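**Student:** At position 135 of the sequence shown the residue is numbered 132 (the numbering used here), and the sequence of numbers has no breaks.
Backbone N, C-alpha and C define an ideal beta-carbon position, used for all residues, glycine too.
Keep in mind that this is a model prediction, so the values were computed, not measured.
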Amino acid sequence: MTDSTSSLLSSIPSVDKLLRTADAETLINAFGRQPVINAVRDDLAALRQALAKKEDVDANDIAGPNILARVAARLETDLSPSLKPVFNLTGTVLHTNLGRAPLPEEAIDAIAAVSRGACNLEYNLATGKRGDRDVHLEDKLAQLIGAEAVTIVNNNAAAVLLMLNALALRKEVIVSRGELIEIGGAFRIPDIMSRAGAKLREVGTTNRTHPKDFEEAISAKTVMVMKIHTSNYEVQGFTAAVSDQDLAALAHNNDLPFVIDLGSGTMTDLRRFGLPHEPTAQEALASGADLVSFSGDKLLGGPQAGIIAGRADLIAKIKKNPMKRAMRCDKMTIAALETILRLYADPDRLAERIPTLRLLARKQDDIQATAARISSPLDTALGDQHTIYQEQCQSQIGSGSLPAERLDSIALVIRPTATKGVGTALKRLATAFRSLPMPVIGRIQDDGFWLDLRCLEAENEDAFTSQLTELKIK
Ligand SMILES: *Cc1c(COP(=O)(O)O)cnc(C)c1O
């Protein structure tokens, strides 16, 4: 050990001495005593280790204020939330990785109201006796959908699992081969089927399935005919599928229930907002389905939930299944969903009040106006190493809704001025935007970094531009 190393080692301040300073007191007020003590100890240990390994350490590094500045930075990072808001400028409106549907303010208020204290989640205020958490939603939903009965679980994957377990345990369910889908991650229909304890009987081929395929497959072991909305892809070309009406008739002729997993089903005709048509829960039931299931946080625009609607006797059986208890919604979901249902009761104003529908229906000139307003602050923040262009682009609906449909939109595209190392430069750019206090998520495409502005609404433009001074492209 050299003299300077040992003198540096001996002049590292003690934890106690550091904690008695005014800087430390500020930190303790902000973060709490124990987290500050732990962070100081870690920093001092790192200093000693660096000295032992003869790494570059100087008198500045061991000065009390500098130690505490490092501790502050470290606590800031460690204690900042892992889950946080981001700007979704990917061009995919219902982005599963980015939390899908943004909620209306009313729904957020409703969540806050029931979360702050006690609420009548399972308490009947009329009788003063124990109640049922599902009553807050079931009748309203049944009325909106025009269904005999409804029940709700945590998400649509759970809804599918529960329907199969409650109605098809150890029995056969007939599904077309063209519908044995995988929806991101681990949701694959054949796997869900087997986990639910049901036996999958696949019929037809990938591209074509006919009524006789179903007829020939029906046996004494069959308990359900199921249709899964192929929500994230389209089969094109030489194709044939059996219509919902024909499948319903076929199932009913054999005394079997016909069940449709709609995925991103809606409760209103999207054409009224200038959007492509997506089958609604009402249409599914009208076509003869005995049960239909769909997500709460896809096109419906609400909280994560799975909704099952249809025949009262089947819903009663599902509600009695013990798995229902393991999949029940919490009070926050119920509060948010109840608000969403209230908004759906007034379809004329849905496009303004449900953010998902508002974003999907947003007109290109409105998006263009955002582009015009933010392009100059963006240009300033980027400096002369980059140029910025306005481009037409196409947004996707996402979450497997209407997979082949695109919505005309506007993007700001950032391109590095250097012609070499463009790939690396674009990755750095994307990293810099992701590192902002409210991360901005775009996409790299055709030698540019694309920010599709569909989901940057006027009221959020200031929040977007004001943080650009912190953009650091490394
Ligand atoms: C999205 C989807 C599911 C899963 O729904 P979650 O609400 O994400 O659990 C199931 N089936 C279909 C057809 C879907 O599109």
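If you compare alpha carbons, which of His274, Gln279, Phe255 is closest to Met264?
**Tutor:** When each option's Cα is compared against that of Met264, the closest is Gln279.
**Student:** When the Cα atoms are used, what is the spatial distance from Ala455 to Thr367?
**Tutor:** Each residue's Cα considered, the two are about 7 Å apart.
**Student:** Just reading off the alpha helix (DSSP H) that Leu356 is part of, what are its end residues?
**Tutor:** 352 to 358 is the extent of the alpha helix (DSSP H) around Leu356.
**Student:** For Ala183 and Leu161, which I take to be in contact (beta-carbon distance under 8 Å), what is that distance rounded to the nearest angstrom?
**Tutor:** At roughly 16 Å, the Cβ-Cβ gap does not stay under 8 Å, so Ala183 and Leu161 are not in contact.
**Student:** Please determine, among Lys209, Glu169, Phe235, Pro187, the residue with the shortest C-alpha to C-alpha distance to Ala217.
**Tutor:** Checked all of Lys209, Glu169, Phe235, Pro187; the closest Cα to Ala217 is Glu169.
**Student:** Would you check if there are 3 or more beta carbon pairs closer than 8 Å linking the segment 135 to 153 to the segment 301 to 321?
**Tutor:** Enough Cβ pairs lie closer than 8 Å, so yes.
**Student:** Using CA coordinates, which residue listed in Ile385, Thr206, Ile149 is at the minimum distance from Gly293?
**Tutor:** Minimum Cα distance to Gly293 is reached at Ile149.
**Student:** Quick one: does the C-beta of Gly262 sit closer than 6 Å to a heavy atom of ligand 1?
**Tutor:** No.
**Student:** Run through DSSP, which three-state label would Cys116 get?
**Tutor:** Coil, per DSSP.
**Student:** Work out the CA separation of Ser261 and Pro276 for me, nearest whole Å.
**Tutor:** Distance between the alpha carbons of Pro276 and Ser261: 9 Å.
**Student:** I'd like to check one pair, Gly298 with Ile331: are the Cβ atoms closer than 7 Å?
**Tutor:** Not a contact, by the Cβ cut-off of 7 Å.
**Student:** Quick one: Cα of Leu472 to Cα of Phe84, how far?
**Tutor:** Residue 472 is absent from the structure shown; the chain starts at -2 and stops at 471.
**Student:** Is Phe235 helix, strand or coil when you go by DSSP?
**Tutor:** Three-state DSSP puts Phe235 in coil, outside helix and strand.
**Student:** According to DSSP, simplified to helix, strand and coil, what is Pro413?
**Tutor:** DSSP places Pro413 in strand when its eight states are reduced to three.
**Student:** Per DSSP, Tyr386 forms a beta bridge with which residues?
**Tutor:** Its beta-bridge partners are Val410.
**Student:** Do you know offhand how far Arg346's Cα is from Leu80's?
**Tutor:** The straight-line gap from Cα to Cα measures roughly 31 Å.
**Student:** For the candidate residues Gln301, Leu448, Gln391, whose alpha-carbon lies nearest to that of Asn151?
**Tutor:** Nearest option by C-alpha distance: Gln301.
**Student:** Just reading off the alpha helix (DSSP H) that Glu54 is part of, what are its end residues?
**Tutor:** Note that residue 54 is Val in the sequence shown here, rather than Glu. Looking at the DSSP string, Val54 is not in any alpha helix (DSSP H), and its letter there is neither H nor E.
**Student:** Compare the Cα-Cα distances from Ala245 to each of Ile304, Phe211, Thr236, Arg268 and report the closest residue.
**Tutor:** Of the listed residues, the one whose Cα sits closest to Ala245 is Phe211.
**Student:** Quick check on this structure: which residue in Pro101, Ala49, Ser240 has the alpha carbon closest to the alpha carbon of Ser4?
**Tutor:** It is Ala49.
**Student:** Beta-carbon within less than 8 Å of Leu468's beta-carbon, same chain only, minus the 5 sequence neighbours each way: which residues are those?
**Tutor:** Contacts found: Ala378, Leu379, Ala429, Phe430, Leu433.
**Student:** Out of Arg45, His92, Glu22, state which residue places its alpha-carbon closest to the alpha-carbon of Pro62.
**Tutor:** Residue Glu22 is the option with its Cα nearest to Pro62.
**Student:** So what does Leu288 bridge to, in DSSP terms?
**Tutor:** Val256, Gly307, per the DSSP bridge assignment.
**Student:** Does DSSP put Asp343 in a helix, in a strand, or in coil?
**Tutor:** DSSP places Asp343 in coil when its eight states are reduced to three.
**Student:** State the Cα-Cα distance for the pair Ile407 and Leu86, rounded to the nearest angstrom.
**Tutor:** For Ile407 and Leu86, the distance between alpha carbons rounds to 11 Å.
**Student:** Relative to the C-alpha of Gly285, which candidate in Leu177, Ala248, Asp136, Thr336 has its C-alpha closest?
**Tutor:** Residue Ala248 is the option with its Cα nearest to Gly285.
**Student:** Under 6 Å: does the beta carbon of Ser173 sit that close to some heavy atom of ligand 2?
**Tutor:** Because ligand 2 does not appear in the structure shown, any question about it cannot be addressed here, the ligands present being ligand 1.
**Student:** So, for Thr206: in the same chain, excluding its five sequence neighbours on each side, which residues have a beta-carbon less than 8 Å away from its beta-carbon?
**Tutor:** So the list reads Ser173, Arg174, Gly175, Val200, Ala237, Ala238, Val239, once near-sequence residues are dropped.
**Student:** Who are the Cβ neighbours of Thr353 in its own chain at under 6 Å, not counting the five residues just before and after it?
**Tutor:** So the list reads Ala98, Gly298, once near-sequence residues are dropped.
**Student:** Tell me the rounded alpha-carbon separation between Ala427 and Leu448.
**Tutor:** Near 10 Å, if we compare the C-alpha coordinates of Leu448 and Ala427.
**Student:** Given a cut-off of 7 Å on the beta-carbon distance, is the pair Leu122 and Ile315 in contact?
**Tutor:** Taking 7 Å as the Cβ cut-off, Leu122 and Ile315 do not qualify as a contacting pair.
**Student:** Please report the distance separating the alpha-carbon of Ile108 from that of Ala333.
**Tutor:** Cα to Cα, the separation comes out at about 6 Å.
**Student:** How close, in whole Å, do the beta carbons of Asn153 and Gly303 come, if the pair is a contact with beta carbons under 8 Å?
**Tutor:** Yes, Asn153 and Gly303 are in contact; Cβ-Cβ is about 4 Å, under 8 Å.
**Student:** Can you tell which of Lys224, Leu253, Gln442 has the C-alpha that lies nearest to the C-alpha of Ala281?
**Tutor:** If we check each option's Cα against that of Ala281, Lys224 comes out closest.
**Student:** Suppose you measure from the CA of Ser392 to the CA of Ile371; what does that come to, to the nearest Å?
**Tutor:** Cα to Cα, the separation comes out at about 19 Å.
**Student:** Report buried or exposed for Ser290, applying the criterion of at least 16 other Cβ atoms within 10 angstroms of its Cβ.
**Tutor:** So Ser290 counts as buried.
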